[in-house]
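Chains as they are written, first to last, in our numbering: chain S, 1 to 161; chain W, 1 to 189.
Where is the CB? At the ideal position from N, CA and C, for every residue including glycine.
These figures come from a predicted structure and were not determined experimentally.
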Amino acid sequence: MVSGPQFVQHLRNAGFDFFTGVPCSLVKGVIATLEERGGYIAETREDAAVGLAAGAYMAGKQPVIIMQNSGLGVCLNALSSLSLIYALPCLLLITWRGYQGKDAPEHIIMGDILPDLLSTLKIPYRVLEEQTLEDAIGWATSTLKQTSRPTALVLPPGVTA
Amino acid sequence: MNLAQALSVVIPALQDALVVHANGFISRESFNLEDRLGNFYMIGSMGLASSIALGVALSKPERRVVVFDGDGNVLMNMGSLALIGVQRPRNLVHLVFDNEVYGSTGNQPTISSRVALDAVARASGYVDVRRVEEADQLRAATQELLAKDGPSFLLVKIEPDREERHIGRITHEPQHIVRRFMEAINQDL
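Right, dumping it as structure tokens:
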């Protein structure tokens, strides 16, 4: 497992400097690290975080939005009618609840459709693994620059805590 | 006062402020009155104008950031008031033009006639909250709030337009709006 502080350090090393979102138990350590260091903005909803990140990007920041995949459902309009048409990049760090169909009932459907939903939105993504975490973050950084659109890193259980 | 009249009072006081506009007639009326480089027109993503403005305000604390919001937008993202109250960006002025209807979809009533949005802002932690109904009050309040530390909240109670407004949409492409707005953010003052 990658520890919370290590995970955050990888993101910071890649240039990300604005962190917001809505928590998930799969990234407890990441959010705790961000909260301890200060500067993490606890949003009230995931789509509001998309708005917040859009403003931060235009003012010169490289934003990360942390959310559970349930929150991706909340964000559909914000992504399609703000980030994607205005070309406002942000890194979406999306935890994968309902992974392989094993989770509480409320997570099963979104867990099943998550990759298809990202593909439908034409949001490029990679699924994180412990061994290739740095590579994936590097890929996300260059994809954000190339596309100037949101890019997602999907985080299944067990990669970090 | 209708929306266009209220905007005509506010716009001359803006100087170099960055202004994030809610969607619908707020963007369109302002665009048609004066298309400022520092205007961000949010054509979709209803509710998020104040979130976008908060992101700008926190990232550029040396710049004055204004939101032109509406009652329908505020009701859709009331959590944003809470977050602004907690983050307390001193450079943010939140104007809400409250006509108690969804103007661009045909004046269907919102519920703001029975919800005191200024009281919500006060409870959320905005440091200066005011409510105005007349043009003279609006002019004075805008000038004062733009000159002092916030976050502040100005509820502008206005009349809905009874006749249909034949007013153009934003003619800039969304990505052009971003380029202009980023130039305005980065210009030396």
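Bridge partners for residue i per DSSP, in chain order?
{"i": "tyrosine 86 of chain S", "result": "Paired residues: none, contrary to the question."}
{"i": "tyrosine 161 of chain W", "result": "What sits at residue 161 of chain W in the sequence shown is aspartate, not tyrosine. None, per the DSSP bridge assignment."}
{"i": "serine 127 of chain S", "result": "According to the sequence as given, residue 127 of chain S is valine; it is not serine. S/Val154."}
Quick one: is residue i near chain W, going by C-beta distance under 9 Å?
{"i": "phenylalanine 18 of chain S", "result": "yes"}
{"i": "alanine 14 of chain S", "result": "no"}
{"i": "leucine 92 of chain S", "result": "no"}
{"i": "lysine 122 of chain S", "result": "no"}
{"i": "valine 50 of chain S", "result": "yes"}
{"i": "proline 63 of chain S", "result": "yes"}
{"i": "methionine 1 of chain S", "result": "no"}
{"i": "tyrosine 99 of chain S", "result": "no"}
{"i": "glycine 158 of chain S", "result": "no"}
Is residue j closer than 9 Å to residue i when the C-beta atoms are compared?
{"i": "proline 63 of chain S", "j": "alanine 42 of chain S", "result": "no"}
{"i": "alanine 53 of chain W", "j": "asparagine 73 of chain W", "result": "no"}
{"i": "proline 157 of chain S", "j": "leucine 26 of chain S", "result": "yes"}
{"i": "isoleucine 177 of chain W", "j": "arginine 63 of chain W", "result": "no"}
{"i": "methionine 67 of chain S", "j": "threonine 95 of chain S", "result": "yes"}
{"i": "alanine 161 of chain S", "j": "glycine 29 of chain S", "result": "yes"}
{"i": "proline 12 of chain W", "j": "histidine 94 of chain W", "result": "no"}
{"i": "methionine 46 of chain W", "j": "glycine 79 of chain W", "result": "no"}
Which residue marks the beginning of the alpha helix (DSSP H) containing residue i, and which one marks its end?
{"i": "isoleucine 108 of chain S", "result": "105–120"}
{"i": "asparagine 186 of chain W", "result": "174–186"}
{"i": "asparagine 107 of chain W", "result": "Premise fails: asparagine 107 of chain W is in no alpha helix (DSSP H) and is neither H nor E."}
{"i": "phenylalanine 31 of chain W", "result": "25–33"}
Against chain S, with Cβ distances strictly below 9 Å, would residue i count as a contact?
{"i": "alanine 6 of chain W", "result": "no"}
{"i": "glycine 85 of chain W", "result": "no"}
{"i": "isoleucine 26 of chain W", "result": "no"}
{"i": "phenylalanine 181 of chain W", "result": "yes"}
{"i": "isoleucine 185 of chain W", "result": "yes"}
{"i": "glycine 72 of chain W", "result": "no"}
{"i": "glycine 79 of chain W", "result": "yes"}
Considering just the uninterrupted stretch of the beta strand (DSSP E) at residue i, what are its terminal residues?
{"i": "valine 64 of chain S", "result": "63–68"}
{"i": "threonine 160 of chain S", "result": "Taken as a continuous stretch (DSSP letters only), threonine 160 of chain S belongs to no beta strand (DSSP E), as it is neither H nor E."}
{"i": "valine 9 of chain W", "result": "No beta strand (DSSP E) contains valine 9 of chain W, which is instead part of the alpha helix (DSSP H) from 3–10."}
{"i": "aspartate 149 of chain W", "result": "Premise fails: aspartate 149 of chain W is in no beta strand (DSSP E) and is neither H nor E."}
Got a sec: which bits of the stretch 52–69 of chain W sit with their beta carbon under 9 Å from any beta carbon on chain S, in order along the chain? Taken in chain order, the members of the stretch 52–69 of chain W whose beta-carbon sits within less than 9 Å of a beta-carbon on chain S are Ile52, Ala53, Leu54, Gly55, Val56, Ala57, Leu58, Ser59, Lys60, Arg63, Val65.
Using a Cβ cut-off of 9 Å, which residues of the stretch 22–46 of chain S contact any Cβ in chain W, in chain order? Residues of the stretch 22–46 of chain S with a Cβ closer than 9 Å to any Cβ of chain W, in chain order: Ile41, Ala42, Glu43, Thr44, Arg45.
Can you pull out the residues from the stretch 68–93 of chain S whose beta carbon lies closer than 8 Å to at least one beta carbon of chain W? Look at the stretch 68–93 of chain S: the residues with a C-beta under 8 Å from a C-beta of chain W are Asn77, Ala78, Ser80, Ser81, Leu82, Ile85, Tyr86, Ala87, Leu88.
Check distances from the C-beta atoms of the stretch 166–177 of chain W to those of chain S and list, in chain order, the residues that come in under 8 Å. For the stretch 166–177 of chain W, the beta-carbon criterion of a distance under 8 Å to any beta-carbon of chain S is satisfied by Pro174, Gln175, Ile177.
Beta carbons nearer than 7 Å to chain S: which residues of the stretch 103–130 of chain W have them? Hits within the stretch: zero.
Any C-beta of chain S within less than 9 Å: which residues of the stretch 32–49 of chain W qualify? Taking 9 Å as the Cβ-Cβ cut-off against chain S, the residues of the stretch 32–49 of chain W that qualify are Phe40, Met42, Ile43, Gly44, Ser45, Met46, Gly47, Leu48, Ala49.
For the stretch 101–129 of chain S, which residues have a beta carbon sitting closer than 7 Å to at least one beta carbon of chain W? Cβ contacts with chain W come from no residue of the stretch 101–129 of chain S.
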